[in-house]
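Engineer: Those protein sequence lines, which keep their order, are chains A and B.
Residue numbers for the first sequence follow our numbering, beginning at 1 and rising by one.
Residue numbers for the second sequence follow our numbering, beginning at 1001 and rising by one.
Glycine is no exception: its CB is placed at the ideal position from the N, C-alpha and C atoms.
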Amino acid sequence: MTESSSKVVKIITKKDLNSFVDALIKDKTHETIGVKAKGKRFVFGPLEHSRELCLDYDVTILPPKKYFLPQYEKLMGFTLGNSFNVQQSNTEKPLILIGVHPYDIIALEQTDKLYLDSQKDDFYKKRREQAIIIGVDMQQVSERSFAASMNTHVTDSGFDLLLTNIGDKYTITIGSEKGENLLEKYAKTKVAAAAEIEKRDEIQKNLASKFKKNLKVPKEEWSALLVANYNHPIWEKRSQKCMECSSCTMVCPTCFCYDVKDDVSLDLKNGSRIRTWDGCLLRDFTLIGSGEVFREDISKRYRHRFYRKGNYLPERYGFIACVGCGRCGIACLPDIADPCDVMNDLSHFERSDNTGKFFIKQKTEEVADKGLIHIPRSATIKRMEKMTESEMFFEIELDDKKSLGHKPGQFVEVSIFGIGEAPISVSSGPSASASFELVVRRVGNVTSHLFKMKPGEKLGIRGPLGNGFDVKSFEKKHLLLSAAGLGIAPMRSLIQYILDKKNRKKFKDIMILYGAKEPNLVLFKEEIDEWCKIVDVTCELTVDQCAEGECWTGCTGLITTLYPKIHLDKYDSKNTIAVIIGPPIAYRYIIKCLQTLGIMDKNIYVSLERRMKCGVGKCGHCQINGVYVCKEGPVFNYEQIKDLPEAFE
Amino acid sequence: MKPRVAFFDFSSCEGCQLQIANLEEEVLDLIKIVDVVSFREVMKEHSDDYDIAIIEGSIMRPMDEQRLRRIRNHAKILVAFGACATIGGVNKIRNQWPVKKVMKDVYGDVDVENNEFFKVSHTKAINEVVPVNYYIHGCPPNRDEIKHVITSLALGKKPEIPNYPVCVECKKNENVCLFELGKFCIGPITRAGCGAICPTNGSPCDGCRGILSKPDVECVMELLQRYDLTYEEMKSRCTIYNTGVFNPKDGMTLVRRGKNE
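(1) According to the neighbour-count rule (16 or more other Cβ atoms, all chains shown, within 10 Å of its Cβ), is Pro634/A buried or exposed?
(2) Just how far apart, CA to CA, sit Gly557/A and Ser607/A?
(3) Does Glu1025/B come within less than 7 Å of chain A when only Cβ atoms are used?
(4) Could you tell me the alpha carbon to alpha carbon distance between Tyr1135/B and Val1079/B, rounded to whole angstroms?
(5) Within a Cβ cutoff of 7 Å, which residues of the same chain sit near Asp369/A, ignoring the five residues on either side of it in sequence?
(6) Please specify which runs of the beta strand (DSSP E), each continuous and at least 3 residues long, are wholly inside the segment 145 to 171 of chain A, giving them in chain order.
(7) DSSP three-state call for Ala134/A: helix, strand or coil?
(8) Is it buried or exposed, Arg144/A, if we count other Cβ atoms within 10 angstroms and call 16 or more buried?
(9) Should Val1036/B go down as buried or exposed, given a rule of 16 or more other Cβ atoms within 10 Å for buried?
(10) If Ile972/B and Val1090/B are in contact, beta carbons under 8 Å, what's the gap, nearest whole angstrom?
(11) Using a Cβ cut-off of 7 Å, which residues of the segment 1097 to 1128 of chain B contact any Cβ in chain A, in chain order?
(12) If I measure Cβ to Cβ from Thr57/A and keep anything under 6 Å in the same chain, skipping five residues before and after, which residues do I get?
(13) Please tell me whether Val1149/B has its Cβ less than 7 Å away from any Cβ of chain A.
(14) List the residues of chain E that Pro1188/B touches, going by C-beta distances under 7 Å, in chain order.
(15) Using 10 angstroms around the beta-carbon of Ser89/A, count the other beta-carbons present and answer buried if the total reaches 16, otherwise exposed.
(16) What residues in the segment 439 to 457 of chain A bring their beta carbon closer than 9 Å to a beta carbon of chain B?
(17) So, for Gln496/A: in the same chain, excluding its five sequence neighbours on each side, which residues have a beta-carbon less than 7 Å away from its beta-carbon?
(18) Is Cys1194/B near Asn1133/B, with beta carbons less than 7 Å apart?
(19) Under 8 Å, with one C-beta from each stretch per pair, do the segment 1168 to 1180 of chain B and the segment 1114 to 1124 of chain B reach the 3-pair mark?
(20) From the DSSP output, in three-state form, read off Gly1251/B for me.
(21) Can the beta-carbon of Ile528/A be found closer than 7 Å to that of Cys546/A?
(22) Rank Ser482/A, Met600/A, Lys533/A, Gly444/A by C-alpha distance to the C-alpha of Pro583/A and give the top, closest one.
(23) Determine the closest residue to Lys261/A out of Cys630/A, Gly271/A, Val543/A, with distance taken between C-alpha atoms.
(24) Which residues, in order along the segment 397 to 419 of chain A, keep a beta-carbon less than 8 Å from a beta-carbon of chain B?
(25) So Pro64/A packs on Asp104/A, CB below 8 Å; how close in whole Å?
(26) What three-state label does DSSP hand Thr79/A in the structure shown?
(27) Return the residue from the list Ala37/A, Gln119/A, Leu24/A, Thr164/A that minimises the CA-CA distance to Leu97/A.
(28) Using 7 Å as the limit for Cβ to Cβ distance, is Leu62/A near chain B?
(29) Quick one: what does DSSP say Ser1058/B is sitting in, helix, strand or coil?
(30) Does the separation of the CB atoms of Leu108/A and Arg275/A fall below 7 Å?
(31) So the beta strand (DSSP E) Asn270/A belongs to, where does it begin and stop?
(32) What three-state label does DSSP hand Lys401/A in the structure shown?
(33) On the DSSP bridge assignment, give the partners of Met511/A in chain order.
(34) Short of 9 Å Cβ to Cβ, which residues in the segment 23 to 52 of chain A face chain B?
(35) Using a beta-carbon distance below 7 Å, is Leu114/A in contact with chain B?
(36) Does any residue of chain A have a CB that is nearer than 7 Å to the CB of Asp1228/B?
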């Protein structure tokens, strides 16, 4: 409160406050939003008269996030068919929000950290910059709120103006120049006297005693408590009652994960890409095109929410992503969602000193096109070749004729307007030309549609995205590259880089192991034959099964049967970097084989698959514990993530 | 080539097809992307040559089953349209009693025994008779969802039907929860996609889009107690569209949500 004391404070009578609000409503250059009654509850909504404004409310049903990340939001409009015509319009009026409680102000500041990081969300940014926040100190405390325990019941920042009811009048603490100008233009105020400021400070100080609900665990200890109790029966027990409705995340001011869908007009001519709120309690949150669900068990989904709030985001950004508003506690029918109850239940159990278990610190690649994170670049299909019944090879050229500029291991989001977006690994090595290659397996809507397209047709491309291989650290080492199934596609990008004449000398011996299901599912067979001809490059192929009469000269059996044939002496194993790319099931077995060969965990690299939807660490779908696969991955150093509980489950 | 679409109805009120007729001027857009070859409610022509069959209504009689199988044989894609077709809906209420009793209650002493048209069995949803490719849920279905399914099929993509409960949409609409108002709503376990239209207008969800998961019986009992509701209230709400799903005898065992159909 020391800081807010240093801020300029004005005083306004209740009558003048109403006139101020009415003057704001009258000015139609902005939209004036305030807290209004809805039955016995309260909501933020457009004001038509100052009479509607309730400043003595307890809590609103939804937090003000709905004005910055709306429930349904058009990211872009587009034309279907063979042209690339994307329109983005944002003609919304600036907003003035009246009556925001301190905990909601703090929640918006937290959202800023995520949405205005190095990959800024343009829509959110514009709304936040335009908006004016007029906060109000709490006059009623919701029964479920524990904001005092979170120290979010008062705030020194995040508002343009802050109102405090000191009895017959309100003090207005000025938080910004914008706020000051607004007052000057629309309100009749006086400079507050020392006694009035003292009264405000006293009210803010006494507020904490009004809270019925309090934490038994200091919020600083949440993280340690959660880390120590990841496998505690509480998650299983409490989640048994969960209805999987995700109401808790919908009403939460610090839950901002989203989903994206394409809507098309009935004449199939136009469409729009719509972003809408999603929740990690919902089963399909981690569903990927091939049908795999990475967090199927409800107890894990239930647990994820608390860990995201109490450990994952705190480790990343330094704040607990819960402001104690109590909305989830009100919204949850079986009453299992309240973080205060959960932490108090856990308070009897042990704490841990370990903080990094669910989180890795890793440098992330900057997105090449920093302009607009949602808008794809126009590209054209140059060449298509059917590789197997369910895999197609694509050569794609960016229409701006610029190089994709990717590193091996990175991916792109392929966009077909009207159908959707899908993350696909780049299969060609880095190159100066504007074209790059992809191998697409037909699994979901986007990939199935890609199969029906023809050379010359347009696509959208976002990326390159994610963290690629740190090829520099592979120099002067032997490389043991294991690809299972479709893993050969991203692996080919790495192999092409390594085998490039400019680069080949930087690396020692190269061994490529590749396992496919059947002989006719082996991809890039001719290219692999060419690789084998290069000095110090060996390739071993195997198929799980080979029908009688099929022509196959390689081995038969799972890829793991190839490793016992490899002989590395101690010296070599220390100097070997191993890379694995394959389906989730393959990793554990291949890693065991590599360890048997004496390869150290720190020298093993993997590429993981999750539901990478936004590709820029916002939508939340690809999170493995505290790690965003789309940002920190998909390429990971095994030693760094081997203890990440969800990574290899 | 535009896909050829045919509409058929079984035991139903034909209100679902009316939702399409009610698209009004948008019907003109619709017929630009599909050829409607059969639609009793709006046209007299009929053809048996179609790609997509859209079926309204539930199946009551052996003769209906035969007709449905014939349609299935003709159609490349079969869509169950509306609650009667997708889950049996209100037509299933009578499955609570023996067929004989139901016939007696409705027709009294009239001799229906020897009339083929009155040979009825228990009510079945479409997928209890033939395989269904896609579902358009609801009573009546949401017009936006109808458009979504038709445009998706015309584009050759799998429609994206919500696999989460009505609460998600209800919360987005910022409604006061009906439980807080002392009403029993089955929104928490009912498939969304309706935009939570009933709760938004103050009427509890009756589950017309089908049940996603059956909650733990203990949890439901606790819920009833907390909100001062009775088991009877819950049961009657659950039997409107979902007779058989909530059988007190099987104790509403916990069934977790699974793959989207």
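Structural biologist: Based on what the coordinates show:
(1) buried
(2) 23 Å
(3) no
(4) 6 Å
(5) Bear in mind that a pLDDT of 49 at Asp369/A, under 50, signals an unreliable position, so the model cannot answer this.
(6) 161 to 165
(7) It should be pointed out that residue 134/A corresponds to Ile in this sequence rather than to Ala. Ile134/A falls in the strand class under three-state DSSP.
(8) buried
(9) buried
(10) Residue 972/B cannot be examined here, being either before or after the span of chain B that is shown, 1001 to 1261.
(11) none
(12) Residue 57/A is actually Tyr in this sequence, not Thr. Only Val35, Phe42 meet the Cβ criterion.
(13) no
(14) Of the protein chains in the structure, A and B, none is chain E.
(15) exposed
(16) Gly444, Asn445, Val446, Ser448, His449, Lys452
(17) Ser428, Gly429
(18) no
(19) no
(20) Its pLDDT being 46, under 50, Gly1251/B is placed unreliably by the model, and the measurement read from it follows with that caveat. Coil.
(21) no
(22) Ser482/A
(23) Gly271/A
(24) Gly418, Ile419
(25) 6 Å
(26) strand
(27) Leu24/A
(28) yes
(29) strand
(30) no
(31) 270 to 277
(32) coil
(33) Leu480/A, Thr538/A
(34) Lys38, Gly39, Lys40, Arg41, Val43, Phe44, Gly45
(35) no
(36) no
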